[in-house]
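Adding 35 to a residue's 1-based position in the sequence shown gives its number in this note's numbering.
Idealized CB from N, CA, C, for every residue including glycine.
Quick caveat, the model's predicted, so the values are computed rather than measured.
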Amino acid sequence: MRRIFLDTNIYIIGQLKPLSPQERILTWLGYYTPNNQSSIKVIISQELINQILRVGKRLQGKDWAAKIVDQIWQNLNCLFIPETIAMKAEASQIIAEKLVPSEDVFIYLTAKYGAAEIFLSENRELIKIIADFDCLTSEEFLDKYLRQMPP
């Protein structure tokens, strides 16, 4: 595994619930480790950042949300996927065909254009139907890849 996409809910739940599967995954990826040297690329985009800021602000305040984004940039081995003309055209087609809820289209496309091998989300069914990558919940990911990792 070289590239992974974490949905908004993984970051948010990981911060709200210590020792949760989501936090264990963030820890494994180096989210809490300054100058992390992980070989695994974590795919992000402006849409993901915007969602984290929006949801985090609603739940715990803008400073709390901004800290999550700061730690993503500082500690994870990020691969930023910008929105392109091709991505916007594909988004329009997906929305027209109602393959994915409109609020999740750019999240899905970020993972796709970032060549994600794994998409982690607690509501992955929204993406799973059209994805070309493994769509797992955090529990499924732990079972499949990190079984021996202590809680």
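_For residue 89, report the span of its alpha helix (DSSP H) as first-last._
Per DSSP, residue 89 is one residue of the alpha helix (DSSP H) stretching across 81 to 95.
*Alpha-carbon spacing of residue 104 relative to residue 84, whole angstroms*: Distance between residue 104 and residue 84, taken at the CA atoms: about 7 Å.
_What does DSSP give as the partner residue(s) for residue 169 in the beta ladder?_
Beta-bridge pairing links residue 169 to 153.
*From 166, 118 and 107, residue whose alpha carbon lies closest to that of residue 43*: Here the closest residue by C-alpha is 107.
*Taking residue 126 and residue 40 to be in contact with their CB atoms under 8 Å, please state how far apart those CB atoms are, rounded to whole angstroms.*
Contact annotation, residue 126 with residue 40: C-beta distance approximately 16 Å; criterion of less than 8 Å not satisfied.
*Provide the residue span of the beta strand (DSSP E) that contains residue 39, from first to last.*
Taken as a continuous stretch (DSSP letters only), the beta strand (DSSP E) holding residue 39 covers 38 to 41.
*How would you label residue 54, buried or exposed, when you count the other beta carbons within 10 angstroms and need 16 or more for buried?*
With fewer than 16 other Cβ atoms within 10 Å, it is exposed.
*Can the beta-carbon of residue 75 be found closer than 9 Å to that of residue 112?*
For residue 75 and residue 112, yes; Cβs fall inside 9 Å.
*Drop a sphere of 10 angstroms on the beta-carbon of residue 142, count the other beta-carbons inside from all chains shown, and report buried for 16 or more, exposed for fewer.*
The residue in question, residue 142, is buried, as its Cβ has 16 or more Cβ neighbours within 10 Å.
*Could you name the residues of the same chain whose beta carbon sits closer than 6 Å to that of residue 174, not counting the 5 residues immediately before and after it, in chain order?*
For residue 174, where only same-chain residues beyond five positions count, the Cβ hits under 6 Å are 56.
_Buried or exposed for residue 137, going by 16 or more other Cβ atoms inside 10 Å?_
Counting Cβ neighbours within 10 Å, residue 137 comes out exposed, since fewer than 16 surround it.
_Taking the beta carbon of residue 86 as the centre, do at least 16 other beta carbons fall within 10 Å, making it buried, or is it exposed?_
With 16 or more other CB atoms across the displayed protein chains lying within 10 angstroms of its CB, residue 86 is buried.
*Cβ neighbour criterion (16 or more within 10 Å) applied to residue 100*: Buried.
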